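Report on one structure; see the data block that follows.
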Amino acid sequence: MHNSPISDPTLIPYLAVDDAKQAISFYQHVFDAKELYRLIDPETGKIGHAELLLNGTKIMLADEYPTYNKTPQTLGGTAVTFALMVNDVDASVVRASAAGAIVVRPPNDEFYGHRSATIRDPFGHEWMFQKEIEKVEPTEIQRRWDQMVKKS
3 MHNSPISDPT
13 LIPYLAVDDA
23 KQAISFYQHV
33 FDAKELYRLI
43 DPETGKIGHA
53 ELLLNGTKIM
63 LADEYPTYNK
73 TPQTLGGTAV
83 TFALMVNDVD
93 ASVVRASAAG
103 AIVVRPPNDE
113 FYGHRSATIR
123 DPFGHEWMFQ
133 KEIEKVEPTE
143 IQRRWDQMVK
153 KS
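The opening residue of the sequence shown carries number 3 in the working numbering; numbering runs sequentially from there.
Set out below in structure tokens:
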């Protein structure tokens with residue numbers, strides 16, 4: 003074992019999708035993702051691995067290979083939401099929706115100081131678009147949370 007520096011981020015989301023070519027195109031169009039590279043399975047033509055840069059963060063994705071990965075469709079949904087910081091939440095929702103995403107939660111100013119919205123992309127993954135609109139200390143977030151919960 004050698005101790006060379008890690009050149010990749012220490013945490014990289016890896017998405018399984020049905021139709022990775024379409025997913026890459028969607029992420030390029032909606033998130034302005036930059037494709038770093040893709041590996042194509044010579045037997046099936048499916049994408050076995052691809053890497054994208056999304057707002058400076060690397061994500062990896064591949065077509066579904068049930069032995070190795072499963073899509074949200076195969077699993078019956080997803081337990082993960084990716085929070086993506088954007089410059090304009092409302093415009094991001096409009097662009098995603100026009101490209102086939104489903105709006106799960108429309109844009110709203112949240113108690114924790116962000117404008118936020120959630121979409122489900124055509125491949126079953128959920129993305130929360132966020133933009134900080136107010137600096138809020140954790141104690142104030144808790145106070146606002148408590149107040150919000152009491153009203154429910």
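Backbone N, C-alpha and C define an ideal beta-carbon position, used for all residues, glycine too. Given the structure is predicted, the values throughout are model-derived calculations rather than measurements.
So what does residue 40 bridge to, in DSSP terms?
52
Which one of 145, 57, 18 and 35 has the shortest CA to CA distance from residue 67?
18
Cα-Cα separation between residue 21 and residue 116, rounded to whole angstroms: 33 Å
Next on the checklist: Mapping the DSSP letters down to three states, classify residue 12 as helix, strand or coil.
Outcome noted: coil
* Asked: Which residues does DSSP pair with residue 128 in a beta bridge?
  -> 83 and 122
Which of helix, strand or coil does DSSP assign to residue 96? helix
Output the distance between the C-alpha atoms of residue 136 and residue 119, rounded to the nearest integer angstrom. 16 Å
* To do: To the nearest angstrom, report how far apart residue 121 and residue 95 are at their CA atoms.
  => 7 Å
Which residue or residues does DSSP assign as beta-bridge partners of residue 152?
Answer is none; residue 152 lacks a bridge partner.
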